[in-house]
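Q:
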Amino acid sequence: MLTNFNSMLKSAYGQKRAVGSFNFYNYETLKGILQAAEQMHTPVIVSFGKKYLANMSFDEVQALTAASAALCKADVCLHLDHCDNMDIIYQAIRAGFTSVMYDGSALPFEENAANTRRICEVAHASGVSVEAELGSLAAGASSHEGSADDVEVYTNPDAAHEFVQKTGVDALAVSIGTVHGLYKGTPNIRVDILKAINEKLHIPLVLHGGSGTPEEKVKECISNGIAKINVNTEISDYTVQRTRELLEKENPHLSVAALNQMQYVAEVVQKYMGIFENV
512 MLTNFNSMLK SAYGQKRAVG SFNFYNYETL KGILQAAEQM HTPVIVSFGK
562 KYLANMSFDE VQALTAASAA LCKADVCLHL DHCDNMDIIY QAIRAGFTSV
612 MYDGSALPFE ENAANTRRIC EVAHASGVSV EAELGSLAAG ASSHEGSADD
662 VEVYTNPDAA HEFVQKTGVD ALAVSIGTVH GLYKGTPNIR VDILKAINEK
712 LHIPLVLHGG SGTPEEKVKE CISNGIAKIN VNTEISDYTV QRTRELLEKE
762 NPHLSVAALN QMQYVAEVVQ KYMGIFENV
């Protein structure tokens, strides 16, 4: 069934594990994620970003996800990923999304906090949970989030505490060295910064840029407050590569190719769910 992420993340945070947030773009990617959640017996967050509105409208996304979640034995959260436009966030809330992310990380602190507070007031009145971001991630290879001009700014623990106090946000995405997309070099994950943030906030923290992050670092982050981890790029890259290999070997009917793509997505999601749940 559809739910917001509050109960999912609070439980994960208390048990030192993380819930995976996986981006989908069409029916096949959604079904692949939900197939993995059922097989792994774990709750899941399915994320849809505003840039994919060219693929489906919010109303279509909500209807498709609600119908699919009703048939899924796992709890499902429909989440609006990375959105810096408040009007679009309100559209997603009206459409029936169960959680939203306002990304005001490019704004000055006070403006980001004020906007996030307004989003929280509207969302919470509708039973919708809210994620925000403080600090910013750089863009890696194959990134489909942000832009090549993005510069990494680590999250300041004191500023994070003030931000949460001013906004009432349910979860906070932090910048500690991960990137959107795939790493171009050796990752430098600042777990020391994460520890300091967690000691001050005591709320579920979010790690963006899960694709390609070393497993041991992921687990260390989960042990220090990360309760939600985003994965997008690897789902796309792996599925495109496997589809290319399939087409090189045979000329399948489109319906058969679609079934294969569901499985490719599920393979990536299952891999990460296994890491997130077994710390």
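Note that this note's numbering has the sequence shown beginning at 512, numbered continuously upward.
Where is the CB? At the ideal position from N, CA and C, for every residue including glycine.
For the stretch 517-532 and the stretch 559-567, state whether three or more C-beta atom pairs, one from each stretch, are separated by less than 8 Å.
A: no
Q: Do A684 and L712 come within 9 Å of each other at the CB atom, strictly closer than that value?
A: Sequence index remark: in the sequence shown, residue 712 carries index 201 (1-based). Sequence index remark: in the sequence shown, residue 684 carries index 173 (1-based). It is not a contact, given that the beta carbons lie outside the stated cut-off.
Q: Taking N699 as the reference, which of L765, S686, I746 has the closest Cα?
A: In the sequence shown, the residue the question calls residue 699 occupies position 188. Of the candidates L765, S686, I746, the one whose C-alpha sits nearest the C-alpha of N699 is S686.
Q: Tell me whether the beta-carbon of A682 lies closer than 9 Å to the beta-carbon of L513.
A: Position 171 of the sequence shown, counted from the start, is the residue given in the question as residue 682. Position 2 of the sequence shown, counted from the start, is the residue given in the question as residue 513. No, the pair does not count as a contact, with Cβ atoms beyond the cut-off.
Q: Cβ of R708 within 9 Å of Cβ of G679?
A: Translated into positions along the sequence shown, residue 708 becomes position 197. Translated into positions along the sequence shown, residue 679 becomes position 168. For clarity, residue 708 is Ile in the given sequence; the question names Arg instead. No, they are not a contact pair.
Q: To which residues of the same chain is A603 closer than 7 Å at the C-beta, ignoring the five residues directly before and after it?
A: By one-based count along the sequence shown, residue 603 stands at place 92. Here the set comprises F569, L591, V611.
Q: Leaving aside the five residues before and after S640 along the sequence, list all residues of the same chain whose C-beta is less than 6 Å from its C-beta, in chain order.
A: Locating residue 640 in the sequence shown gives position 129, where the first residue counts as 1. Cβ within range, chain order: N515, F516, N517, S610, D681.
Q: Can you grab the Cα-Cα spacing for the pair G646 / C732, in whole Å?
A: Numbered from 1 along the sequence shown, position 135 holds the residue referred to as residue 646. Numbered from 1 along the sequence shown, position 221 holds the residue referred to as residue 732. Computed Cα separation, rounded: 17 Å.
Q: With I746 and F533 assumed to form a contact (beta carbons below 8 Å), what rounded beta-carbon distance in angstroms separates them?
A: Counted from its first residue, the sequence shown places residue 746 at position 235. Counted from its first residue, the sequence shown places residue 533 at position 22. At roughly 6 Å, the Cβ-Cβ gap stays under 8 Å, so I746 and F533 are in contact.
Q: Among A585, C594, Y536, M551, whose alpha-carbon lies nearest the alpha-carbon of V572?
A: For the purposes of this step, residue 572 is taken as the residue at position 61 of the sequence shown. Nearest option by C-alpha distance: Y536.
Q: Helix, strand or coil: which one does DSSP assign to S558?
A: Taking the sequence shown and counting its residues from 1, one reaches residue 558 at position 47. The answer is strand: DSSP assigns S558 an E or B state.
Q: How many Å lie between S766 and L545 at the Cα?
A: Taking the sequence shown and counting its residues from 1, one reaches residue 766 at position 255. Taking the sequence shown and counting its residues from 1, one reaches residue 545 at position 34. For S766 and L545, the distance between alpha carbons rounds to 19 Å.
Q: Mapping DSSP to helix, strand and coil, what is S579?
A: Within the sequence shown, residue 579 is the residue found at index 68, counting from 1. S579: helix per DSSP, three-state reduction.
Q: Is it a yes or a no for the stretch 742-759 touching the stretch 772-784, going by three-plus beta-carbon pairs under 8 Å?
A: Verdict: yes, contact present.
Q: How big is the Cα-Cα spacing for G657 and S616?
A: Residue 657 sits at position 146 when you count from the first residue of the sequence shown. Residue 616 sits at position 105 when you count from the first residue of the sequence shown. Low per-residue confidence applies at G657: pLDDT is 47, beneath 50, and the placement is therefore not dependable enough to give any value.
Q: For I600, write down the residues that DSSP places opposite it in a beta bridge.
A: Residue numbering aside, residue 600 sits at position 89 when the sequence shown is read from its first letter. DSSP, once it has assigned bridges, lists no residue as partnering I600.
Q: Can you name, in chain order, every residue of its own chain whose Cβ lies under 7 Å from the Cβ of I599, other than the five neighbours on each side?
A: Indexing the sequence shown from 1 puts residue 599 at position 88. These residues qualify, in order along the chain: K561.
Q: Can you name, in chain order, every residue of its own chain whose Cβ lies under 6 Å from the Cβ of R753, other than the five neighbours on each side?
A: Residue numbering aside, residue 753 sits at position 242 when the sequence shown is read from its first letter. Correct list, in chain order: Y775.
Q: Roughly how many angstroms separate the alpha carbons of A529 and N741, rounded to a whole number?
A: Here the question's residue 529 lines up with position 18 in the sequence shown. Here the question's residue 741 lines up with position 230 in the sequence shown. Going by the C-alpha atoms only, they are around 10 Å apart.
Q: At what residues does the alpha helix (DSSP H) containing K730 begin and finish?
A: Taking the sequence shown and counting its residues from 1, the one referred to as residue 730 is at position 219. Per DSSP, K730 belongs to the alpha helix (DSSP H) from 726-733.
Q: Pick out whichever of K728, H764, L770, T576 has its Cα sitting closest to the Cα of F787.
A: By 1-based counting over the sequence shown, the position of residue 787 is 276. The residue with the shortest Cα to Cα distance from F787 is K728.
Q: Tell me the rounded alpha-carbon separation between P619 and N771.
A: Translated into the one-based positions of the sequence shown, residue 619 becomes position 108. Translated into the one-based positions of the sequence shown, residue 771 becomes position 260. Cα-Cα distance, rounded: 45 Å.
Q: In whole angstroms, what is the alpha-carbon distance linking I714 and E759?
A: Position 203 of the sequence shown, counting from 1, holds the residue named residue 714. Position 248 of the sequence shown, counting from 1, holds the residue named residue 759. Straight-line Cα distance between these residues: approximately 48 Å.
Q: Out of curiosity, what's the CA-to-CA distance linking Q550 and E621?
A: Against the sequence shown, residue 550 aligns to sequence position 39. Against the sequence shown, residue 621 aligns to sequence position 110. Using only the alpha carbons, I get a separation of about 44 Å.
Q: Please name the residue, chosen from A777, Y749, G531, K739, that lies closest to A643 on a Cα-to-Cα basis.
A: On the sequence shown, residue 643 is found 132 positions in, with the first residue counted as 1. A643 has its Cα closest to that of K739, out of A777, Y749, G531, K739.
Q: Using DSSP's beta-bridge definition, name the partner residues of V641.
A: Residue mapping note: residue 641 aligns to position 130 of the sequence shown, counting from 1. The partner list for V641 (beta bridge, DSSP) reads V611.
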